[in-house]
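Student: Starting off with a structure, shown below.
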Amino acid sequence: MTGTALEAAALGKKFGRRKAGWALHDCTLRIPAGRVCGLVGPNGAGKSTLLAHAAGLLAPTEGSIRVLGTTPAAARERIAYVAQDKPLYPQLTVAETLRLGRELNPGHWDAAVAGRVVDEGGLDRDAKIRSLSGGQRTRVALALALGKRPELLLLDEPMADLDPLARHQLMGTLLADSAEHGTTVVMSSHVVAELEGSCDHLLLLGEGRVRLAGPLDELLAAHTLVTGPSSGDLAPHTVVESRTTGRQVTALIRPRGPVGAGWQTDEPTLEELVLAHLRAPQAPALTLMDDGADGGETDGAEVQEAAV
Amino acid sequence: MVEYRIDRRSGVATYLQIVQQTKQALRLGLLEPGDKLPTAREVVEATAINPNTVLKAYRELEREGLVEARRGLGTFVRKSLGSTPADSPLHAELSAWTDRAREAGLERDDVAALFNSVLEEHFKGDEA
């Protein structure tokens, strides 16, 4: 479980000559192998663009991206990518689609896994893809991705159109696969609560830049939710976001040293951490380095904070 | 074998929920020395939580000497936790005390709060 699954250095992407700006700008990040990484951010933050770069479907305007120690093109056989719109051939049946997966992935196709993912959803193998619902197509797309036995699994909003049972089943299958084979999973989602518990790594993008990145436990530990009188002074801590209600102020801070008496402190949940950063786009970025040596322990963590 | 129930909204860290539920199963005799805990893969598949979380919980249980990992075989229970069977004298005393609390007009929540505060007082500083 050592090594790097995904690494970007000053990655930037501009589409066409659009003056609107950069879809991704100056993104430097590293996701160690074996992690399950949640990719979050508001619409238009650059999540899909980043995943498409990792899959080798887009070329950077500037900077570079490497996956599994090589270029995305060279790693294609070891990557599985499920795009947001789950592209499949509508005229094929489920069985034909699975056969396609087998023929296109000679030597490393796991028919048992792919078949199980399809069967758990009670799909008729003779049904044409075009006759399936959105959620059923998602299931087939995930069956193809898992059947490929990838080392890196890139999923763009994979759970969006699944019913609760299918979500739970597929997330379980995904994570069990990761546990057994050390598969790295990078998964974008807007449902932050869904990532809580499933992910051990977080990447929060905003306006094409990295806002938060690192092992989830450490990111949570680097922040504190404080509640106190609005007259209180939060210096010298970094205040990510603060809201005042009457005489009370609630703030998410990155403590520098002990928090003064008179403040009630709590560790934030993933949802609170993400929401506070989404509400406060001007908050400084924070990247916690992860040497990938162990399952998210605090050793070797380096703090690197930069005003954006 | 135990089955873990993960409550994502409880505010209790997920790995700790696994630790606590394993200890509960040990106390109730649902797990006995020699029993095998579910593999990380099995837990992950059933609960959709991160595999590292399960491993962290098992490491914690191992650190406390309750289980041991046997290479290639799985994680096994080493010892049980001081159990208090339903017919123990302690149970009878607590039951009698609860009766008196009710007679004194205490509601269920009052009893629970009182019990917890005494518990807190006596076990302060001990591991959860």
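Residue numbers (our numbering), protein chains in the order written: chain A, 120 to 427; chain B, 15 to 142. Ideal Cβ positions, reconstructed from N, Cα and C, are used throughout, including at glycine.
Compile a chain-ordered list of the residues in the stretch 297 to 318 of chain A whose CB is closer than 8 angstroms to at least one CB of chain B.
Tutor: Those would be 297, 298, 299, 312, 315, 316, 317, 318, in chain order.
Student: Could you check whether residue 293 of chain A and residue 259 of chain A sit closer than 8 angstroms to each other, using their CB atoms as the reference points?
Tutor: What you label residue 259 of chain A is simply residue 140 of the first sequence in a count that begins at 1. What you label residue 293 of chain A is simply residue 174 of the first sequence in a count that begins at 1. It is not a contact, given that the beta carbons lie outside the stated cut-off.
Student: Out of A:275, A:242, A:221, A:237, point me to the one whose CA is closest to residue 159 of chain A's CA.
Tutor: Here residue 159 of chain A refers to the residue found at position 40 when the first sequence is read from its first residue. It is A:275 whose Cα lies nearest to the Cα of residue 159 of chain A.
Student: Give the residues of chain B in contact with residue 290 of chain A, contact being defined as C-beta atoms less than 7 angstroms apart.
Tutor: Within the first sequence, residue 290 of chain A is the residue found at index 171, counting from 1. Near residue 290 of chain A (Cβ distances below 7 angstroms), the residues of chain B are 62.
Student: Please list the segments of the alpha helix (DSSP H) lying wholly inside the stretch 216 to 295 of chain A, counting only runs of 4 or more residues, in order along the chain.
Tutor: Entirely contained in the stretch 216 to 295 of chain A, the alpha helix (DSSP H) runs reaching 4 residues are, in chain order, 230 to 239, 253 to 266.
Student: Below 8 angstroms between beta carbons is the criterion; list the residues of the stretch 133 to 159 of chain A that meet it against any residue of chain D, in chain order.
Tutor: You won't find chain D in this structure, because its protein chains are A and B.
Student: From the DSSP output, which residues share a beta bridge with residue 129 of chain B?
Tutor: On the second sequence, residue 129 of chain B is found 115 positions in, with the first residue counted as 1. Note: residue 129 of chain B sits in no beta bridge, so no partner.
Student: Which term fits residue 111 of chain B, buried or exposed, when burial requires 16 or more other beta carbons within 10 angstroms of its beta carbon?
Tutor: Locating residue 111 of chain B in the second sequence gives position 97, where the first residue counts as 1. Answer is exposed; the Cβ neighbour count stays below 16.
Student: Please determine if the stretch 27 to 47 of chain B and the stretch 263 to 274 of chain A are in contact, where contact requires at least 3 C-beta pairs separated by less than 8 angstroms.
Tutor: In short, these stretches do not touch, since the Cβ pair count stays below three.
Student: Nearest-angstrom Cα distance between residue 70 of chain B and residue 77 of chain B?
Tutor: Sequence index remark: in the second sequence, residue 70 of chain B carries index 56 (1-based). Sequence index remark: in the second sequence, residue 77 of chain B carries index 63 (1-based). Going by the C-alpha atoms only, they are around 10 angstroms apart.
Student: For residue 103 of chain B, decide whether its Cβ has a neighbour in chain A, counting only Cβ atoms nearer than 8 angstroms.
Tutor: Here residue 103 of chain B corresponds to residue number 89 of the second sequence, with the count starting at 1. So, not an interface residue.
Student: Of all the residues that make up the stretch 34 to 55 of chain B, which are near chain A by a beta-carbon distance shorter than 9 angstroms?
Tutor: The residues in question are 53, 54, 55.
Student: Are residue 149 of chain A and residue 181 of chain A touching if we call contact CB-CB under 8 angstroms?
Tutor: Against the first sequence, residue 149 of chain A aligns to sequence position 30. Against the first sequence, residue 181 of chain A aligns to sequence position 62. Cβ distance not < 8 angstroms, so residue 149 of chain A and residue 181 of chain A don't count as in contact.
Student: Output the distance between the C-alpha atoms of residue 271 of chain A and residue 191 of chain A, rounded to the nearest integer angstrom.
Tutor: As a position in the first sequence, residue 271 of chain A is number 152, starting the count at 1. As a position in the first sequence, residue 191 of chain A is number 72, starting the count at 1. In a straight line, the C-alpha of residue 271 of chain A is about 11 angstroms away from that of residue 191 of chain A.
Student: Between the stretch 226 to 240 of chain A and chain B, which residues of the former have CB atoms less than 7 angstroms from a CB of the latter, in chain order?
Tutor: Taking 7 angstroms as the Cβ-Cβ cut-off against chain B, none of the residues of the stretch 226 to 240 of chain A qualify.
Student: Would you please state the rounded distance, in angstroms, between the beta carbons of residue 170 of chain A and residue 314 of chain A? I believe it to be under 8 angstroms.
Tutor: As a working note, residue 170 of chain A is residue 51 in the first sequence. As a working note, residue 314 of chain A is residue 195 in the first sequence. In fact, because the Cβ distance is near 15 angstroms, the residues do not count as touching under 8 angstroms.
Student: For a cutoff of 8 angstroms on Cβ pairs, would you count residue 429 of chain A as touching chain B?
Tutor: No information on residue 429 of chain A is available, as it lies outside the stretch 120 to 427 that chain A covers here.
Student: Just verifying my parser: in three-state terms, what is the DSSP assignment at residue 178 of chain A?
Tutor: The residue labelled residue 178 of chain A in the question sits at position 59 within the first sequence. Here residue 178 of chain A sits in coil by DSSP.
Student: List the endpoints of the continuous beta strand (DSSP E) containing residue 310 of chain A.
Tutor: The residue labelled residue 310 of chain A in the question sits at position 191 within the first sequence. Per DSSP, residue 310 of chain A belongs to no beta strand (DSSP E) and is neither H nor E.
Student: So, is the C-beta of residue 22 of chain B closer than 8 angstroms to a C-beta in chain A?
Tutor: Residue mapping note: residue 22 of chain B aligns to position 8 of the second sequence, counting from 1. By this cut-off, residue 22 of chain B is an interface position.
Student: Does the Cβ of residue 31 of chain B have 16 or more other Cβ atoms within 10 Å, making it buried, or fewer, making it exposed?
Tutor: For the purposes of this step, residue 31 of chain B is taken as the residue at position 17 of the second sequence. The residue is buried, with at least 16 neighbouring Cβ atoms inside 10 Å.
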